[in-house]
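First up is the structure itself, then whatever we jot down about it.
Residue numbers (our numbering): 4 to 637.
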């Protein structure tokens, strides 16, 4: 009867464990948010550093002090972010150790619960043994009653033999009457005791049945209340889980957007670096080609107002001259023509070249720093992901162990329920068979007692007739003075007449008194038997109806509990699926694909494709194919 309570308690414990695990997940996500904030600060410092450098190349040396101060501020921000990351690592390790301790304590509590269940099983086995001992005692009682019956029958047989051996008929008749009355009293007392025992047994059985019904009803009410409470708690937990999952999905989408934005910024930086490299290469080529200008022409042209126009025209003419010189059979040595150049132009070009080289070196250094930071951050993220995967594996293993143990306990509970049902059915069948056997034995005993009474009455009649035959001796002594010739005939006539009178009197008296008493006793016994049988049948019908009703109620409640347990198992499976990392990734993929299909913005689609590639782990070739296809569509 206590099995559903234990099941509901186990479900409560599982719900509490899920709550604690969800709290741990929330704390982990909070720590990840702090790490994200630190990384965002690093990225902001990096983004702030780039425009400062670009502006610094254009400004004078006075602003270098300000840039150095900004560098120190950025270094402090980076140090703070590193300290926060290390603190989060320490928190993760501490949480992992606390989870280990909690899991060990849970295992200990589960072992204690298993021991309690084993003790309950032992108590059930002891109850079974008690039932067996009770049945053995009932069998002994029946055997004792049978021995008493046999002893009574032997006593009656002995009385018959003694009656045949004795000659004193009056004493024998009195003794027989007394013995008959004693035997009747014994039979009545025996029947009354037996009926009392049977009624006591039936009452005890009825009381036990009523107690079992009451216990079953109370347990069912308690189980219903607990099931309703569990359903309400599960509804609340599902609502909280859904809200948390939605929040986590929104945070993950924000992280993916930030990652896509960072990736886009990185690509733009790479493109700007490539453009600057191309510019540097073009400038170097241009310096090689236009390194020797004519100084006299330049000095003379500087005096004009529109010097830039003149320079452009000279460059165009120079290119035309070079092109025409290539067509000639005997090309002119243009190096002599353009051998003289102005020192100011060379200094300007050299300064520009130096500035560009410096910018190139600075950009290379920045790119190296960014690459190192990106590699470090990616390594840190990998380590964190590995830790999360290890923790998820440990959680899955513990959950599998708990599920296996719970399934084993449920199987044990089901087997014990089946055994209890079988024992109850067997006990009911045994009690019914015993009741039918007792009824049959009562009927047989009554029939035997009636047969014995008839035999005793017949014997009494025979004794009375034999006793009355000896009475005519007095009349024969009075007639001794008569003649001898007429004596024998007179005796014969008087004896015959006396015998006829006695027989007629006996027949009349026996026909009037004995059958009437016998019929009254027999009718009373039959009425008593009918009343007892009717009461027993009513009790039996009531018990059968109560048993059927209880079985129907039990079946209905069991079906309701099975349906509720199935719904709860489905909800738990859904929550576990949502809790696992693969399920979360699938949900995130689903949301991203839905947003990709619904949006029409090209940049947003590109970011979503990058996020999908990060989740599905595309190769470089696959990413290049997707980018080419996307650019062709544009």
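Note that the Cβ used here is the ideal one computed from N, Cα and C, for glycine as well.
Please read all numbers here as calculations on a predicted model, not as lab measurements.
Whole-Å CB distance - residue i paired with residue j, under 8 Å assumed
i, j, result
"residue 366", "residue 279", "6 Å"
"residue 601", "residue 608", "Going by Cβ atoms, the distance from residue 601 to residue 608 rounds to 10 Å, so no, they are not a contact pair."
"residue 260", "residue 610", "6 Å"
"residue 127", "residue 419", "7 Å"
"residue 24", "residue 405", "With 8 Å as the limit, residue 24 and residue 405 do not qualify as a contact, their Cβ atoms being about 12 Å apart."
"residue 11", "residue 229", "4 Å"
"residue 378", "residue 236", "Wrong, their Cβ atoms sit about 47 Å apart, outside the cutoff."
"residue 225", "residue 8", "7 Å"
Check whether residue i and residue j have beta carbons under 8 Å apart
i, j, result
"residue 592", "residue 615", "yes"
"residue 84", "residue 31", "no"
"residue 417", "residue 113", "no"
"residue 277", "residue 370", "no"
"residue 571", "residue 14", "yes"
"residue 412", "residue 120", "yes"
"residue 27", "residue 98", "yes"
"residue 612", "residue 629", "yes"
Reference residue i; option with closest CA among the options
i, options, result
"residue 156", "563, 448, 541 and 532", "448"
"residue 90", "37, 79 and 116", "37"
"residue 151", "192, 118 and 138", "192"
"residue 426", "130, 12 and 110", "130"
"residue 431", "633, 100 and 546", "546"
"residue 269", "161, 373 and 472", "373"
"residue 383", "19, 76, 92 and 7", "92"
"residue 446", "158, 533, 386 and 465", "533"
"residue 264", "606, 393, 76 and 566", "606"
"residue 257", "595, 624, 633 and 631", "595"
"residue 284", "619, 360 and 415", "360"
"residue 159", "324, 564 and 454", "454"
"residue 564", "107, 227 and 461", "227"
"residue 428", "376, 368, 551 and 396", "551"
"residue 231", "574, 635 and 567", "567"
"residue 218", "562, 553, 626 and 436", "553"
"residue 395", "103, 88 and 325", "103"
Beta-carbon proximity list for residue i, same chain, < 7 Å, skipping 5 on both sides
i, result
"residue 56", "With a pLDDT of 47 at residue 56, under the threshold of 50, the predicted position of this residue should be treated as unreliable, and no value is reported."
"residue 94", "34"
"residue 44", "80 and 84"
Boundaries (first-last residue) of the alpha helix (DSSP H) holding residue i
i, result
"residue 609", "605-619"
Beta-carbon contacts of residue i that lie in its chain and below 6 Å, excluding the five residues immediately before and after
i, result
"residue 456", "none"
"residue 502", "Note that residue 502 scores a pLDDT of 46, beneath 50, so its modelled location is shaky; the value from the coordinates is reported in the next line. Excluding sequence neighbours, residue 502 sits near nothing in its chain."
"residue 293", "Residue placement at residue 293 cannot be trusted, given a pLDDT of 48 that sits under 50; what the coordinates show is reported in the next sentence. So the list is empty, once near-sequence residues are dropped."
"residue 109", "none"
"residue 53", "Any reading at residue 53 must be qualified, since the residue scores a pLDDT of 49, below 50, and its modelled position is unreliable; the value itself is stated next. Once the five neighbours on either side are set aside, residue 53 has no close Cβ partner at all."
Near the ligand HEM: residue i beta-carbon under 7 Å from a heavy atom
i, result
"residue 397", "Inclusion of the ligand HEM in the displayed structure is not the case, the ligand content being empty and no account of it being possible."
8 Å Cβ shell around residue i - same chain, five flanking residues per side excluded
i, result
"residue 433", "138"
"residue 513", "Confidence is the limiting factor: at residue 513 the pLDDT is only 46, short of 50, which leaves the residue's position unreliable and the question unanswerable from this model."
"residue 282", "359"
"residue 536", "442"
"residue 347", "Bear in mind that the predicted position of residue 347 carries a pLDDT of just 46, short of 50, making it unreliable; the figure below should be weighed with that in mind. Correct list: empty, nothing qualifies."
Below-8 Å beta-carbon distance, residue i vs any chain D residue
i, result
"residue 27", "Looking at the structure shown, chain D is missing, and only one protein chain is on hand."
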